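**Student:** First to last, the sequence lines map onto chains A and B.
Using full-length UniProt numbering, the first residue of the first sequence is number 1, and each one after it goes up by one.
Using full-length UniProt numbering, the first residue of the second sequence is number 1, and each one after it goes up by one.
Heads up, the beta-carbon is just placed ideally off N, CA and C, and yes, glycines get one too.
Predicted model only: the values in this text are computed from it and were never measured.
So that we are looking at the same thing, I have put the structure below in structure tokens.
There are 2 protein chains.
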Amino acid sequence: MVERGSTGVPGGRRKQRVSMADVAKLAGVSSQTVSRVSNGYPGVIGATREQVLTAMRDLGYRPNSAARALRYGQFNTIGVILFSLSSTGNSRTVEAIATRAAAEGYAITLIPIDVPTQDNVLGAFTRMGELAVDAVIVIMEIHLLDTGTVQLPPGVHVVVVDSDAGDRYSVVDTDQADGARKAVSHLLDLGHRTVWHVTGPETSFAGQRRTQAWRRVLEEAGRPVPPPLHGDWSAESGYAAGLALAAQPDCTAVFASNDQMALGLLRAFHERGLRVPADISVVGFDDIPDAAFFVPPLTTVHQDFAEVGRRCVQDALHQIRTHGGSQPGTDLVPTSLVVRHSTAAPPDRHR
Amino acid sequence: MVERGSTGVPGGRRKQRVSMADVAKLAGVSSQTVSRVSNGYPGVIGATREQVLTAMRDLGYRPNSAARALRYGQFNTIGVILFSLSSTGNSRTVEAIATRAAAEGYAITLIPIDVPTQDNVLGAFTRMGELAVDAVIVIMEIHLLDTGTVQLPPGVHVVVVDSDAGDRYSVVDTDQADGARKAVSHLLDLGHRTVWHVTGPETSFAGQRRTQAWRRVLEEAGRPVPPPLHGDWSAESGYAAGLALAAQPDCTAVFASNDQMALGLLRAFHERGLRVPADISVVGFDDIPDAAFFVPPLTTVHQDFAEVGRRCVQDALHQIRTHGGSQPGTDLVPTSLVVRHSTAAPPDRHR
DNA sequence: GCCCCGCATGTTTACGTAAACATGTGCTGT
DNA sequence: ACAGCACATGTTTACGTAAACATGCGGGGC
Numbered sequence: 001m002v003e004r005g006s007t008g009v010p011g012g013r014r015k016q017r018v019s020m021a022d023v024a025k026l027a028g029v030s031s032q033t034v035s036r037v038s039n040g041y042p043g044v045i046g047a048t049r050e051q052v053l054t055a056m057r058d059l060g061y062r063p064n065s066a067a068r069a070l071r072y073g074q075f076n077t078i079g080v081i082l083f084s085l086s087s088t089g090n091s092r093t094v095e096a097i098a099t100r101a102a103a104e105g106y107a108i109t110l111i112p113i114d115v116p117t118q119d120n121v122l123g124a125f126t127r128m129g130e131l132a133v134d135a136v137i138v139i140m141e142i143h144l145l146d147t148g149t150v151q152l153p154p155g156v157h158v159v160v161v162d163s164d165a166g167d168r169y170s171v172v173d174t175d176q177a178d179g180a181r182k183a184v185s186h187l188l189d190l191g192h193r194t195v196w197h198v199t200g201p202e203t204s205f206a207g208q209r210r211t212q213a214w215r216r217v218l219e220e221a222g223r224p225v226p227p228p229l230h231g232d233w234s235a236e237s238g239y240a241a242g243l244a245l246a247a248q249p250d251c252t253a254v255f256a257s258n259d260q261m262a263l264g265l266l267r268a269f270h271e272r273g274l275r276v277p278a279d280i281s282v283v284g285f286d287d288i289p290d291a292a293f294f295v296p297p298l299t300t301v302h303q304d305f306a307e308v309g310r311r312c313v314q315d316a317l318h319q320i321r322t323h324g325g326s327q328p329g330t331d332l333v334p335t336s337l338v339v340r341h342s343t344a345a346p347p348d349r350h351r
Numbered sequence: 001m002v003e004r005g006s007t008g009v010p011g012g013r014r015k016q017r018v019s020m021a022d023v024a025k026l027a028g029v030s031s032q033t034v035s036r037v038s039n040g041y042p043g044v045i046g047a048t049r050e051q052v053l054t055a056m057r058d059l060g061y062r063p064n065s066a067a068r069a070l071r072y073g074q075f076n077t078i079g080v081i082l083f084s085l086s087s088t089g090n091s092r093t094v095e096a097i098a099t100r101a102a103a104e105g106y107a108i109t110l111i112p113i114d115v116p117t118q119d120n121v122l123g124a125f126t127r128m129g130e131l132a133v134d135a136v137i138v139i140m141e142i143h144l145l146d147t148g149t150v151q152l153p154p155g156v157h158v159v160v161v162d163s164d165a166g167d168r169y170s171v172v173d174t175d176q177a178d179g180a181r182k183a184v185s186h187l188l189d190l191g192h193r194t195v196w197h198v199t200g201p202e203t204s205f206a207g208q209r210r211t212q213a214w215r216r217v218l219e220e221a222g223r224p225v226p227p228p229l230h231g232d233w234s235a236e237s238g239y240a241a242g243l244a245l246a247a248q249p250d251c252t253a254v255f256a257s258n259d260q261m262a263l264g265l266l267r268a269f270h271e272r273g274l275r276v277p278a279d280i281s282v283v284g285f286d287d288i289p290d291a292a293f294f295v296p297p298l299t300t301v302h303q304d305f306a307e308v309g310r311r312c313v314q315d316a317l318h319q320i321r322t323h324g325g326s327q328p329g330t331d332l333v334p335t336s337l338v339v340r341h342s343t344a345a346p347p348d349r350h351r
């Protein structure tokens, strides 16, 4: 008989992972008793328990979660499908999801999608299907999924962030419209005749809703609606928009659809010699940590990403526990306007 | 006999997930044949294969990864333990890890640690041990682990980012020292007599190494070494440091240990009427996307987070495939200096 | 024409765990 | 003192998959 446990490689161990049977043998008990100790069940006498615990320590026993999952039919894992972690919002949402899930004893499995083509998304869902996942949280413009093509594996519970798919899925989202409303109203209240707007990409529902709300507020107030400038969330696109806006003599207030584009605006205005907020006011959206340290500190709409993440997990767990008992619908997380120093009344000549 | 498949809950299905046996029954074959088809093995005649595929589709069969993992003894999953996703660097590293891992057919499981106490870290490792994970990537100051207390579960392969634990673990990291050297040298080359410095937190090895390199360059050039100012990576701490530095009449150049603190510096200097770079030069570290749109655009050290993530996964996979065959050691990813507009020669009076 | 071999498919088994059921010991109550 | 029961512990089984081994059929070589 060859001793297969020994190997010449330092630290190179066969995958002879320690199982309950091994512990049981060493402790001189049955594997069921080991199981009971491992799971903290009562009905094991002190001395036996000690023996088992000692054996576990000596052998470095760790339960095999695959076997557990197989036994229980669930994995204590939530999958997160997302397009990108680069945006502050996404990474903070994911962090909140992970933290909350950990507190509930769930792990998070990340499935990133490089390029959001139908194929890739479909692939991600397929992989999720094969994956050990009890529920899936999708952080992505859901219309990319085109429900006709992409079939969510049945029996997998889904929560969607940042989408209008509330009729089909459980949706958690920031109240984009209300946030935008607050931003635009704030500028109008300061006395600006109207508010210009730098949008997010057209593929973004969050961006679309902010833009809709911006338009709505202006229309309701009977103000002219300037043509929106199209951005892509990046500071660079904000900078480009800022150069264009600086050439508009009647532009005294801008609502940017996120803080990074607002940063680009600030730089463009600074370059063109426009003082913020004396000559022109800027409001952003997101309230990223850096926003308070822009020059000048940015007035912006605060999004509670942590709360979004928390509710996602709550909803996912609820679906898991009730076997999909919850109805589709949209859960809106409120926003708040954080007023800093990038907004003020318009210059006198524009009054 | 009660039919347990039916339930009154809309969409609420028992966990009667479709198994190979179900497919086999419908297709009129044995489950082994289904297995063969599922895994694309040869030795199944066309007609039979078609029958099985049809049955799979009809029932919506998806393989159970827990059973697979149990059978094979591995999970095709890499765990990532991290302190925070909030920092740009971490989230981009994680994104790169996830992307690369996905390309290799591995999933990523995230374990966040709220507060990096020994207990929490230990808990995370324990959970990882129980988790279905073939390797672990730790993004964290490793000295928090204090190897005496925290025991990595044996048989789990580990890669560490941002640490000096190269003697015990496989470490992948940005070449912090070289990056800092480039930053400080750049400023000296411009004619500054010396360079002030805002550090990262003392608990950060990355920060420590940047600070060491800063000091070393000054000493080697025979320049005075001003007392470093202590930051915590946040723009706010950079702002505070900036206010202090603005009061130093002989300070003409500052190296901030990351871009966010540099942002804080820029704002403080702007508030104090110091022009950057005419009166004072600033260099950051990281090259976050926004840095190009600071006022003025920031000269900074570019870190290739994506490459770090990629190498982490490569190393982890290598360990998995060779059963831990790789030796501990440090794999350094090079940096580059990106010169923008926040640096210039010192004002004449300081020449 | 018969034997043997190859190939398609079926059967058995093990992976590690834990519920369900089975056993056996000692103590309690009358 | 003995029935009966509570409690500690052991045994069996199922979870879904796939390797290893077994079966059975048809066709080619002699």
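Is DSSP giving residue 83 (chain B) helix, strand or coil here?
**Tutor:** The answer is coil: DSSP assigns residue 83 (chain B) none of H, G, I, E or B.
**Student:** What runs of the beta strand (DSSP E), each 3 residues or longer, lie entirely inside the segment 279 to 304 of chain B?
**Tutor:** Those beta strand (DSSP E) runs which fall completely within the segment 279 to 304 of chain B and span 3+ residues are 281 to 286, 299 to 302.
**Student:** At a Cβ threshold of 8 Å, is residue 220 (chain A) touching chain B?
**Tutor:** no
**Student:** Smallest Cα separation from residue 101 (chain A): which of A:42, A:308, A:204, A:337?
**Tutor:** A:308
**Student:** Can you give me the C-alpha to C-alpha distance between residue 79 (chain A) and residue 316 (chain A), rounded to a whole angstrom?
**Tutor:** Spanning the two alpha carbons is a distance of roughly 10 Å.
**Student:** Over what stretch of residues does the alpha helix (DSSP H) that includes residue 113 (chain B) continue unbroken?
**Tutor:** Where residue 113 (chain B) is concerned, there is no enclosing alpha helix (DSSP H), given that its DSSP letter is neither H nor E.
**Student:** Buried or exposed for residue 103 (chain B), going by 16 or more other Cβ atoms inside 10 Å?
**Tutor:** exposed
**Student:** With DSSP as the reference, label residue 332 (chain A) as helix, strand or coil.
**Tutor:** strand
**Student:** Could you check which residue in B:111, B:114, B:94 has the C-alpha nearest to that of residue 112 (chain A)?
**Tutor:** The residue with the shortest Cα to Cα distance from residue 112 (chain A) is B:94.
**Student:** Take the Cβ of residue 148 (chain A) as the centre, count every other Cβ of all protein chains shown within 10 Å, and call the residue buried at 16 or more, exposed below.
**Tutor:** Bear in mind that a pLDDT of 48 at residue 148 (chain A), under 50, signals an unreliable position, so the number given afterwards is only what the model happens to contain. It counts as exposed.
**Student:** Could you say which of A:36, A:293, A:200 lies nearest to residue 354 (chain A) if we only look at CA atoms?
**Tutor:** Since the displayed chain A opens at 1 and closes at 351, residue 354 (chain A) lies outside it and no answer follows.
**Student:** Counting only beta-carbon atoms, is residue 266 (chain B) nearer than 8 Å to chain A?
**Tutor:** yes
**Student:** Taking just the CA atoms, how far does residue 25 (chain B) sit from residue 3 (chain B)?
**Tutor:** Note on residue 3 (chain B): pLDDT 34, under 50, position unreliable in the model; the coordinate value appears next. Computed Cα separation, rounded: 18 Å.
**Student:** How many Å lie between residue 296 (chain B) and residue 139 (chain A) at the Cα?
**Tutor:** 34 Å
**Student:** Are the beta-carbon atoms belonging to residue 198 (chain A) and residue 265 (chain A) less than 8 Å from one another?
**Tutor:** yes
**Student:** Look at residue 179 (chain A) and residue 285 (chain A) and say whether their C-beta atoms are less than 8 Å apart.
**Tutor:** yes
**Student:** Between B:40, B:281, B:330, B:224, which lies nearest to residue 172 (chain B) when the distance is taken from Cα to Cα?
**Tutor:** B:330
**Student:** Counting only Cβ-Cβ distances shorter than 7 Å, please list the residues of the segment 263 to 290 of chain A near chain B, keeping chain order.
**Tutor:** 263, 264, 266, 267, 270, 289, 290
**Student:** Compute the minimum distance between the beta carbon of residue 54 (chain B) and the heavy atoms of the ligand ZN, and state whether it is under 7 Å.
**Tutor:** In the structure on display, the ligand ZN does not appear, and there are no ligands present to speak of.
**Student:** What residue range is occupied by the uninterrupted alpha helix (DSSP H) comprising residue 246 (chain B)?
**Tutor:** Segment 235 to 246, the alpha helix (DSSP H) holding residue 246 (chain B).
**Student:** So what does residue 197 (chain A) bridge to, in DSSP terms?
**Tutor:** Under the DSSP definition of a beta bridge, residue 197 (chain A) partners with A:255.
**Student:** Can you tell me whether residue 32 (chain A) is buried or exposed? The criterion is at least 16 other CB atoms within 10 Å of its CB, across all chains shown.
**Tutor:** Classification of residue 32 (chain A): exposed, given that the 10 Å Cβ count is below 16.
**Student:** Helix, strand or coil for residue 339 (chain A)? Go by DSSP, reduced to three states.
**Tutor:** coil
**Student:** Given this structure, state the Cα-to-Cα distance separating residue 85 (chain B) from residue 96 (chain B), to the nearest angstrom.
**Tutor:** 13 Å
**Student:** Three or more C-beta pairs closer than 8 Å, one from the segment 214 to 224 of chain A and one from the segment 234 to 249 of chain A: is that the case here?
**Tutor:** no
**Student:** DSSP three-state call for residue 173 (chain B): helix, strand or coil?
**Tutor:** strand
**Student:** If contact means a Cβ-Cβ distance below 8 Å, which residues of the segment 100 to 113 of chain B contact chain A?
**Tutor:** 102, 107, 108, 109, 110, 111, 112
**Student:** Going by beta carbon distance, what residues of the same chain come within less than 6 Å of residue 34 (chain A), once the five residues before and after it are set aside?
**Tutor:** 20, 23, 24, 52
**Student:** Of the residues A:269, A:336, A:163, which one's Cα is nearest the Cα of residue 185 (chain A)?
**Tutor:** A:336
**Student:** Judging by CA-CA distance, which residue of A:162, A:321, A:196, A:49 is the nearest neighbour of residue 251 (chain A)?
**Tutor:** A:196
**Student:** What separation, rounded to the nearest whole angstrom, lies between the Cα atoms of residue 267 (chain B) and residue 292 (chain B)?
**Tutor:** 15 Å
**Student:** Kindly indicate which three-state DSSP category residue 190 (chain A) falls into: helix, strand or coil?
**Tutor:** It is coil, neither helix nor strand.
**Student:** Would you report the Cα separation of residue 68 (chain B) and residue 253 (chain B), rounded to the nearest angstrom?
**Tutor:** 59 Å
**Student:** Is DSSP giving residue 221 (chain A) helix, strand or coil here?
**Tutor:** coil
**Student:** Which one of A:203, A:160, A:349 has the shortest CA to CA distance from residue 319 (chain A)?
**Tutor:** A:160
**Student:** Could you give the distance in angstroms between the alpha-carbon of residue 136 (chain B) and the alpha-carbon of residue 62 (chain A)?
**Tutor:** 15 Å
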